[in-house]
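Structure first, commentary second.
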Amino acid sequence: SQQGEEDPQALSIQEGENATMNCSYKTSINNLQWYRQNSGRGLVHLILIRSNEREKHSGRLRVTLDTSKKSSSLLITASRAADTASYFCATSYSGGGADGLTFGKGTHLIIQP
Amino acid sequence: GAVVSQHPSWVICKSGTSVKIECRSLDFQATTMFWYRQFPKQSLMLMATSNEGSKATYEQGVEKDKFLINHASLTLSTLTVTSAHPEDSSFYICSAPQRNTDTQYFGPGTRLTVL
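Shown next as structure tokens:
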């Protein structure tokens, strides 16, 4: 499975600012998911957006999906120190849990207090 | 939300030995589970799909004789790294999709260090 690209690879911002991460992928998808990973730990599911959706919100998170450009963005508003982590997008070709996910390379986000 | 556990959380072994990692779905049944590998500062790479009652399917470049997968029940999949070598040192993570949903729930991972 080919990985997508994410940018930036690393992002450092002040607490309270908004953080935007982008993800591009290569094949058609059923859905795209964003995960957070704290250092050396497992993944926490943040949000899922389906291929027929363009935008989705969950708390301080906003995700957009542009299937024509094969790209997605994750916006975290009013960032907090606890948001420091690596963020990965992951795509599913089939949906319904039938296939494994293809992960992007990730963005390492650092929130400066 | 659904919970997936892994055991052990970390293991250190000598080169040439075999290591078994368990992945359990605690509150739901999973006919399919997935195994990923993550090297330091890198992303997750899908290794194989574990299928209950049938053979696992492996991604290109993953040796099926080296990474043995057994999906013994609807809540348990095991990954055995056979004749481990230092280059197998990595973070191994499993996931399980809950039926009729698109969300995959990830285990906490197992850090394998081969000396």
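Top to bottom, those sequences are chains Z and S. Numbering follows the numbering used here, with no gaps: position 53 of the first sequence is 53. Position in the second sequence (first residue = 1) + 113 = the numbering used here. Backbone N, C-alpha and C fix where the C-beta goes; we use that ideal spot for every residue, glycine too.
Within 7 Å of the CB of Gln217 (chain S), the CB atoms of chain Z belong to Gly97, Leu101, in sequence order along the chain. Distances from the CA of Glu172 (chain S) to each of S:Asp178, S:Leu159, S:Glu200 were compared; the closest alpha carbon is that of S:Leu159. Counting only runs of 3+ residues, the beta strand (DSSP E) found wholly inside the stretch 18-105 of chain Z occupies 19-24, 31-37, 43-50, 55-58, 61-66, 71-76, 85-92, in chain order. Near chain Z, meaning a CB-to-CB distance below 9 Å, the residues of the stretch 159-189 of chain S are Leu159, Met160, Ala161, Thr162, Glu172, Gln173. Interface residue (Cβ-Cβ distance to chain Z less than 9 Å): Phe147 (chain S) is classified as such. Less than 9 Å separates the beta-carbon of Phe88 (chain Z) from that of Thr107 (chain Z). According to DSSP, Gln173 (chain S) shares a beta bridge with no other residue.
Taken through DSSP and simplified to helix, strand or coil, Asp140 (chain S) comes out as coil.
Under the 9 Å criterion on CB atoms, Pro121 (chain S) is classed as non-interfacial with respect to chain Z. Using a Cβ-Cβ cut-off of 9 Å, His45 (chain Z) is close to Gly114, Thr216, Gln217, Tyr218, Phe219 of chain S, given in chain order.
A direct Cα-Cα distance of roughly 10 Å separates Lys154 (chain S) from Gly40 (chain Z). According to the DSSP assignment, Ala10 (chain Z) belongs to the beta strand (DSSP E) that extends over 10-14.
9 Å or more divides the Cβ of Ile76 (chain Z) from the Cβ of Ser12 (chain Z). By the beta-carbon neighbour count (other beta carbons within 10 angstroms, threshold 16), Val116 (chain S) is exposed. With fewer than 16 other beta carbons inside 10 angstroms of its own, Ile125 (chain S) counts as exposed. The three-state secondary structure of Glu165 (chain S), taken from DSSP, is coil. About 30 Å separates the CB atoms of Val227 (chain S) and Pro210 (chain S); that is not less than 8 Å, and the two are not in contact.
Interface criterion met: the Cβ of Ser92 (chain Z) is under 9 Å from a Cβ in chain S. Among the CB atoms of chain Z, one or more fall inside 9 Å of the CB of Gly222 (chain S). Ala197 (chain S) and Gln37 (chain Z) have their C-alpha atoms roughly 26 Å apart. Taking 9 Å as the upper bound on Cβ-Cβ separation, chain S lies near residues Gln37, Gly40, Arg41, Gly42, Leu43, Val44, His45, Leu48, Arg50 of the stretch 37-71 of chain Z. Z:Lys70 is the residue among Z:Thr84, Z:Lys70, Z:Ala82 whose C-alpha sits nearest the C-alpha of Glu5 (chain Z).
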